[in-house]
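What follows is a short report on a single structure.
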Amino acid sequence: MKKTVNKQRYAVIGLGWVCMLCACSKYLDVVPEGVSRLENAFAMREEAKKYLYTCYSYMPRSADPSSDPGLIGGDDMWTITAHSSPYFSYDAFNIARGMQNSTNPLANKWNGMYRAIRDCNIFLENIETVPDMEEIERRQWIAEVKCLKAYYHFWLLQMYGPVPLVRKNLPIDINTEEPRVKREAVDTCVNYIVQLLNEAAAGLPLTVINETEELGRITLPIALSLKAKVLVTAASRLFNGNTDQQTLHNLGDNSPLFDQEYRPEKWDRAVKACEEAIHLCVDSLGMKLYEYPGDSRYKLTDTIMLQLTLRNAFTEKWNSEIIWANTQSLSSTLQLWTAPKLNPSFQDYSQMRFLFGVPIKIAEMFYSEHGLPIEEDRSWDMNRRYELRTGVADEKRYIVENEQTVRAHFNREPRFYAWIGFDRGIWHGQGVYSDADANALWRLICKMGERNGVFTTSYGPTTGYFPKKWVHYENVQSTATSYTIVNYPWPLMRLSDLFLLYAEALNEAKDSPTNRSLAIEYLNKVRRRAGIPEVADAWESQWSANVLKHTTQRGLQDIIRRERTIELAFEGHRFWDIRRWMTAMNEYKTPVMGWDLMQSAPAYFYTPQVLFRQQFGVKDYFWPIRNSDITVNPNLVQNTGW
18 MKKTVNKQRY
28 AVIGLGWVCM
38 LCACSKYLDV
48 VPEGVSRLEN
58 AFAMREEAKK
68 YLYTCYSYMP
78 RSADPSSDPG
88 LIGGDDMWTI
98 TAHSSPYFSY
108 DAFNIARGMQ
118 NSTNPLANKW
128 NGMYRAIRDC
138 NIFLENIETV
148 PDMEEIERRQ
158 WIAEVKCLKA
168 YYHFWLLQMY
178 GPVPLVRKNL
188 PIDINTEEPR
198 VKREAVDTCV
208 NYIVQLLNEA
218 AAGLPLTVIN
228 ETEELGRITL
238 PIALSLKAKV
248 LVTAASRLFN
258 GNTDQQTLHN
268 LGDNSPLFDQ
278 EYRPEKWDRA
288 VKACEEAIHL
298 CVDSLGMKLY
308 EYPGDSRYKL
318 TDTIMLQLTL
328 RNAFTEKWNS
338 EIIWANTQSL
348 SSTLQLWTAP
358 KLNPSFQDYS
368 QMRFLFGVPI
378 KIAEMFYSEH
388 GLPIEEDRSW
398 DMNRRYELRT
408 GVADEKRYIV
418 ENEQTVRAHF
428 NREPRFYAWI
438 GFDRGIWHGQ
448 GVYSDADANA
458 LWRLICKMGE
468 RNGVFTTSYG
478 PTTGYFPKKW
488 VHYENVQSTA
498 TSYTIVNYPW
508 PLMRLSDLFL
518 LYAEALNEAK
528 DSPTNRSLAI
538 EYLNKVRRRA
548 GIPEVADAWE
558 SQWSANVLKH
568 TTQRGLQDII
578 RRERTIELAF
588 EGHRFWDIRR
598 WMTAMNEYKT
608 PVMGWDLMQS
618 APAYFYTPQV
628 LFRQQFGVKD
638 YFWPIRNSDI
648 TVNPNLVQNT
658 GW
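The sequence shown begins at 18 in the numbering used here and counts up one residue at a time.
Okay, structure coming up:
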C-alpha cells in the first residue's frame, strides 16, 4: 500500500529564534519553502533526489572568502584592504581584523546551518513515503542526510560552542514556548553528532558507484573520517575542561555547558575513531598519499617531480588521498584572484589581481631543508635571514639564478617552494612544463613596478608571498584577456590530515614511548612524502638545537602542531586548530607582516612591514549569538564576553 506523505507544517526550529520576525506570535508562521508541495517533493524518486541535493546545497563554500571564515579569517592569509569595489564579502576578513560583534555577527552561519538542519529533518521524515525506490538506495540517502545533519551541527559547535540540537522539526500547532529551546551541553552536542554518524555508517557505500554523477556524495570513509575529526576536536582543550567557560550555563541552571574537568579519556575515544577511519581508508580501500606519476611528454627532474607531487596533492581532483572534496565549492574564482601574471606578453587581464598574500610569519613556519623549524636549525642564522643572497646554478629550480632575494628563501623544505610563491622564485607549469632548461621556467618578479608587483593600492601582492598551493599547475594565461583554469572541488579532508589527527590523538592520549613511537610513525608518512628527513633523523641530527624534543610528550605536541600548520597550510584548518588548541591568543601576538612592496631596490623591498596588529581575547574563541536572536528567544544565553 502506498504510504501517505507527511504533510504536517513545521515550526522552523532552526530559525524560530534566529529569523527576526515582527512578533513572537508570528514566528511560528514561518514554514520551509515549498512545504505545501511536500506531496510533490516526495511523490517520486526523481523529485526526492532533488530534495537530497537541496540538503547538500548548504555545504559551506570552502573556496569562497565570503563563506568560509577559515580561509581569510585568521592569521595565515591576508588580503588588500583598499579595494574600491570589493570582490567578495569582507565579513571573514573583518574577523581577522578584530571587528566581530554581537549586533550583526560577521560570517554568521546560525541561520544558514539551522535552515540546513531543518531541511535535512524534512527529508528524513518524508523519504520513507517515496514509492519508486529500491530499499538499499533509500537507506543510503537516509545515511547521507544524517551525515550532512551531523556536519552542520559540527559547524555550529565549532563556531558557537554548545548549541541547541534540532533532533526533529516541531509541528506548527505546538505551544508557542516550545520552540524557544535552550543550548545543550558540549558533551551532549558531541555525542549527538557522533550518534548521527554511527547511524549513517550502516547505510553508506565504501565508494561512489557512478563517478560521473556522484563524486562528492557522502561515503563511509567520509563519515568515519568526520567522526575522527569531531572527536579530536571534542578532546581538545577548547572543549575539554575549558575553565574560561565556567560561567556559561542556561538560565535557571547552574551546571556549566562546558564540563569543567579535563578528561584525558576523550583522547582514547578519538584514537579509536582515527584508527577506524585509517583502517578503512588505507587497509580496506588502498588509499595512499598522492605521488605525481610523471608525464612521458616532458623531461622532469626529481626536484620538479616532487614539486608536482606536493602541488597536486591538493589541486588534483579526486586523487589517491582525497577523502572528501566539497563539490559545492569549486576553486576557479579563487585561482583567478590568486594567480600571478607570469607571461610578460600578457599583462593586461584585469581579473588577475593577486588578492591574497601569505604573511611572513607563516612563510617562516615552514621547515629548513633539514626538516627542522628554522629557529631550531643550527645552520640558520635567524638574525641574518633578511639579508640578500644571490641564487646559484644548483638552486635554479627554486630560485632564479644570478638574482637576489633574502636568505630566508634559501635552503628551505620542498613544501615551501611548492606552496608559496615569492620574489625571484620559480613557478613551474602554467604552460611551461619541461624543466630540462630551468632558465625557461616562469619566475616571479614582485618589486614595485614589476609585472607581479604593486601598481595601485587596489592591485598587486598583499604581503609579497603568493599562496601557490591554491593554483593548479596546468592553468595557462594564453591571451591578454583570458586565463584557462583547471577547476577542482575544494578538499575538505585529505589522508595527510587524518594521519596528523591520529598522531595528535595518540600523543595526547597517553604519555608513553609506545604512543609517541606510533605517533611519529604517522608523522613520518607525511614527512617522507614531503621530501624531508623523518622526525628522529631531523631532531637527532647535527643541525638540531633541541635533540631530545621528540622524546617528550610536550615536545612531540609542538612538532605535530607545526606539521599540521605546514602540511595543511592555506586549506582553512589553522583557523580552527589554533582555537581548539587554545593557542590563538599567543599566535595573534605576532603581527601580520609583509615586505615593503612600494620599493624597487632589493635592499629596501626586503624590509618587513607591519600590516596589522591583531587582537584576540577569550571571547573570540566563539562567535557571538546575535543580540536580537536572544531577544526573540530569551532561553538562549550569550557566549562568554559578548
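Quick reminder that beta carbons are idealized off the backbone N, C-alpha and C, glycines included.
C-alpha of residue 353 to C-alpha of residue 500: approximately 8 angstroms in a straight line. Per the C-alpha coordinates, the member of 107, 510, 551 and 432 positioned closest to residue 83 is 107. At a Cβ-Cβ threshold of 8 angstroms, residue 168 and residue 243 count as neighbours. Looking at the DSSP output, residue 613 bridges to nothing. In the structure shown, the three-state DSSP call for residue 645 is helix. If you check the CB distance, residue 72 and residue 149 do not come in under 8 angstroms. Around the beta carbon of residue 533, a 10 Å sphere encloses 16 or more other beta carbons of the protein chains shown; the residue is thus reported as buried. By the Cβ-count criterion, residue 362 is exposed, with fewer than 16 other Cβ atoms from all chains shown falling within 10 Å of its own Cβ. Secondary structure at residue 549: coil, using DSSP grouped into helix, strand and coil. Residue 499: member of the beta strand (DSSP E) spanning 499 to 501, first to last residue. With a beta-carbon spacing of about 4 angstroms, residue 451 and residue 315 fall inside the 8 angstroms limit used to define contacts. In this structure, residue 465 places its C-beta atom within 8 angstroms of the C-beta atom of residue 614. DSSP places residue 331 within a helical segment (H, G or I) once states are collapsed to three.
Annotation: the continuous beta strand (DSSP E) that includes residue 629 extends over 626 to 629. When secondary structure is reduced to three states using DSSP, residue 507 falls in the strand class. Straight across, the Cα-Cα distance linking residue 535 with residue 458 is about 41 angstroms. The region 166 to 180 and the region 119 to 139 touch, with three or more beta-carbon pairs separated by less than 8 angstroms. For residue 79, the CB contacts under 8 angstroms within the same chain, skipping 5 residues up- and downstream, are 85, 87, 88, 343, 346, 507, 509 and 589 in chain order. Only buried fits residue 213, as 16 or more other CB atoms lie within 10 angstroms of its CB. Assigned with DSSP and collapsed to three states, residue 160 falls in helix.
Comparing alpha carbon positions, the residue from 294, 326, 357 and 379 closest to residue 340 is 294. DSSP places residue 482 in the strand class (E or B) of the three-state scheme. Taking a cut-off of 8 angstroms on C-beta distances, the region 227 to 244 touches the region 283 to 297, as three or more cross pairs fall below it. Residue 605 and residue 632 do touch by the CB rule: their CB atoms are close to 7 angstroms apart, below 8 angstroms. Separation of the CB atoms of residue 440 and residue 560 is rounded to 27 angstroms, and the pair is thereby denied contact status at 8 angstroms. Its Cα nearest to that of residue 250, the residue 521 stands out among 390, 521, 164 and 496. Scanning its chain for C-beta atoms nearer than 7 angstroms, with the 5 sequence neighbours on each side dropped, one finds around residue 402 the residues 423, 424 and 425, in chain order. Under the criterion of beta carbons closer than 8 angstroms, residue 517 and residue 543 qualify as touching, at roughly 6 angstroms. Contact check for residue 447 against residue 503 fails: the beta carbons are separated by 8 angstroms or more. Setting aside the 5 residues that flank it on each side, residue 308 is surrounded in the same chain by 326, each with a C-beta closer than 6 angstroms to its C-beta; the list follows chain order. Around residue 404, the same chain offers 424 as residues with beta carbons nearer than 6 angstroms, after the five sequence neighbours per side are excluded. According to the DSSP assignment, residue 69 belongs to the alpha helix (DSSP H) that extends over 62 to 73. The three-state reading of DSSP puts residue 345 in strand, counting E and B together. Nearest to residue 526 by alpha-carbon distance, out of 320, 331, 114 and 574, is 574.
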